[in-house]
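If you're matching them up, the sequences are chains F and E in order. According to our numbering, the first sequence is numbered sequentially starting from 25. According to our numbering, the second sequence is numbered sequentially starting from 67. We put the beta carbon where it would ideally sit given N, CA and C, even for glycine. It should be emphasised that the depicted structure is a prediction, and the values quoted were computed from it without experimental measurement. Worksheet for the structure shown next.
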Amino acid sequence: MLELRLLQGSLLKKVLESIKDLVTEANFDCSATGFSLQAMDSSHVALVALLLRSEGFEHFRCDRNISMGMKLVNMAMMLKCAGNDDIITIKADDGGDTVTFMFESPNQDKIADFEMKLMNIDSEHLGIPEAEYQAIVRMPSSEFARICKDLSTIGDTVIISVTKEGVKFSTKGDIGTANIVCRQNATVDKPEDAIIIEMKEPVSLTFALRYMNSFTKATPLANIVTISLSSELPVVVEYKIAEMGYIRFYLAPKIEE
Amino acid sequence: HCLQSRISDYFSRD
């Protein structure tokens, strides 16, 4: 038996909106730790890892570890039927082939349940080792989204370079080139407006902007985005989910032929 | 010219 009650149902709505175009179907895993997912896009270039910790739920009952295969567009469609202020409860029976999403309005005057068929998904789970990154950039998530959107009007790829000068986002296309440099800016009035760059060594990597733009759909989840770069690893674009966990996007770089 | 690498080039199956 599984029963997870999330007071801030809008979080789950936002999570689905941020991943449904990147990943078609995925297994949601539930254990004492929480509600999690790891999935790759169809071309295996990007990977998303989601964790919503059990402590973040108002009620969390998961009698045994369970993996539920869902088609994400269908799940997103059902969650769109929940109001932004609704409490969402996810329910499933052990060994069942359906999951139920229950939506309660804040004053309890409307209760809806939507039952969705589960599917069997053969997905490989990858081990993601803890790594030391050469550079970590923390910046307002809206600023990062703006940069990715602006650059994709010029080119298809972005070169992200971190030096002691700051972080530079560059692109090149048929009509010309673009460079956006953000300098460390820790002394702002609001901490969420700060750009903080931790650099151990300079690093420069090239990525497909199409994926970066897809990751920025998670912007409504967090004011701050953390971008971790290392020359030997996929970039990690992380959005923390208030008090609950995170959504991390991993993107394999483009490499010189 | 740049080639797109894949996640499995970096992370292996659990």
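Residue range of the alpha helix (DSSP H) that F:Ile114 falls in? For the purposes of this step, residue 114 of chain F is taken as residue 90 along the first sequence, with counting starting at 1. Looking at the DSSP string, F:Ile114 is not in any alpha helix (DSSP H); the run it does join, the beta strand (DSSP E), is Ile111 to Ala116.
Do F:Ser42 and F:Ala242 come within 8 Å of each other at the CB atom, strictly closer than that value? Indexing the first sequence from 1 puts residue 242 of chain F at position 218. Indexing the first sequence from 1 puts residue 42 of chain F at position 18. For F:Ala242 and F:Ser42, yes; Cβs fall inside 8 Å.
Check for me: the beta strand (DSSP E) holding E:Asp80 runs from which residue to which? Mapped onto the second sequence, residue 80 of chain E falls at position 14. E:Asp80: not part of any beta strand (DSSP E); DSSP gives it neither H nor E.
Please compile the residues from chain E whose C-beta is within a distance smaller than 8 Å of the C-beta of F:Ile152. Within the first sequence, numbered from 1, the residue matching residue 152 of chain F stands at position 128. For a Cβ distance threshold of 8 Å, residue set Phe77 of chain E lies close to F:Ile152, ordered along the chain.
Count Cβ pairs between the stretch 85-96 of chain F and the stretch 43-53 of chain F that sit closer than 8 Å; are there 3 or more? Because the criterion of three Cβ pairs below 8 Å is met, the stretch 85-96 of chain F and the stretch 43-53 of chain F touch.
Just how far apart, CA to CA, sit E:Ser74 and F:Ala159? Residue mapping note: residue 74 of chain E aligns to position 8 of the second sequence, counting from 1. Residue mapping note: residue 159 of chain F aligns to position 135 of the first sequence, counting from 1. Per the coordinates, the alpha-carbon of E:Ser74 lies some 22 Å from the alpha-carbon of F:Ala159.
Boundaries (first-last residue) of the beta strand (DSSP E) holding F:Asp137: Walking along the first sequence from the start, residue 137 of chain F turns up at place 113. For F:Asp137, the enclosing beta strand (DSSP E) has its first and last residue at Ile135 to Lys141.
Hey, F:Ala232 and F:Asp180 are a contact pair by Cβ (cut 8 Å); roughly how many whole angstroms apart? By one-based count along the first sequence, residue 232 of chain F stands at place 208. By one-based count along the first sequence, residue 180 of chain F stands at place 156. F:Ala232 to F:Asp180, Cβ: 7 Å. Contact.
8 Å Cβ cutoff, F:Ala276 in contact with chain E: As a working mapping, residue 276 of chain F is identified with position 252 in the first sequence. Nearest CB-CB separation between F:Ala276 and chain E: below the 8 Å threshold.
Using DSSP with H/G/I as helix, E/B as strand and the rest coil, what is F:Lys192? Mapped onto the first sequence, residue 192 of chain F falls at position 168. Strand, per DSSP.
Within 8 Å (strictly less), CB to CB, does F:Leu257 reach chain E? On the first sequence, residue 257 of chain F is found 233 positions in, with the first residue counted as 1. Answer yes: the Cβ-Cβ gap between F:Leu257 and chain E drops below 8 Å somewhere.
Between F:Glu148, F:Thr240, F:Ala276 and F:Ala202, which has its C-alpha nearest F:Leu61's C-alpha? Here residue 61 of chain F refers to the residue found at position 37 when the first sequence is read from its first residue. For F:Leu61, the nearest C-alpha among the options comes from F:Glu148.
How would you list, in chain order, the residues of chain E whose beta-carbon sits under 9 Å from the beta-carbon of F:Ala232? The residue you call residue 232 of chain F lines up with position 208 of the first sequence. Here the neighbours are Gln70.
Range covered by the beta strand (DSSP E) that runs through F:Val39: Residue mapping note: residue 39 of chain F aligns to position 15 of the first sequence, counting from 1. Not the beta strand (DSSP E): F:Val39 falls in the alpha helix (DSSP H), residues Gly33 to Ile43.
Residue ranges of each beta strand (DSSP E) run of no fewer than 3 residues wholly in the stretch 50-76 of chain F, ordered along the chain? With a minimum length of 3 residues, the continuous beta strand (DSSP E) runs that stay inside the stretch 50-76 of chain F are 58-64.
Within 10 angstroms of the Cβ of F:Val259, are there 16 or more other Cβ atoms? Answer buried if so, exposed if not. Working through the first sequence from its first residue, we reach residue 259 of chain F at position 235. F:Val259 counts as buried, since at least 16 other C-beta atoms from the protein chains shown sit within 10 angstroms of its C-beta.
Report buried or exposed for F:Thr113, applying the criterion of at least 16 other Cβ atoms within 10 angstroms of its Cβ. For this step, residue 113 of chain F is matched to residue 89 along the first sequence. Answer is buried; the Cβ neighbour count reaches 16.
Taking Cβ to Cβ, would you say F:Phe127 is nearer than 8 Å to F:Ala116? Sequence index remark: in the first sequence, residue 127 of chain F carries index 103 (1-based). Sequence index remark: in the first sequence, residue 116 of chain F carries index 92 (1-based). Between F:Phe127 and F:Ala116, the C-beta gap is not smaller than 8 Å, which leaves the two residues out of contact.
Listed from N- to C-terminal order along the chain, which residues in the stretch 173-195 of chain F have their beta-carbon within a distance smaller than 9 Å of any beta-carbon of chain E? For the stretch 173-195 of chain F, which is checked against every Cβ of chain E, the residues closer than 9 Å are Thr181.
Listed by chain order, chain E residues near F:Val69 by CB distance under 7 Å: For the purposes of this step, residue 69 of chain F is identified with residue 45 of the first sequence, where counting begins at 1. What F:Val69 touches in chain E: Gln70, Arg72 and Ile73.
Buried or exposed by the 16-neighbour rule on C-beta atoms within 10 Å, applied to F:Ile219: One-based indexing of the first sequence puts residue 219 of chain F at position 195. By the Cβ-count criterion, F:Ile219 is buried, with 16 or more other Cβ atoms from all chains shown falling within 10 Å of its own Cβ.
Taking Cβ-Cβ distances below 7 Å as the criterion, which residues of the stretch 133-164 of chain F are in contact with chain E? Those residues of the stretch 133-164 of chain F that come within reach of chain E (Cβ to Cβ, closer than 7 Å) are Glu148, His149, Leu150, Gly151 and Ile152.
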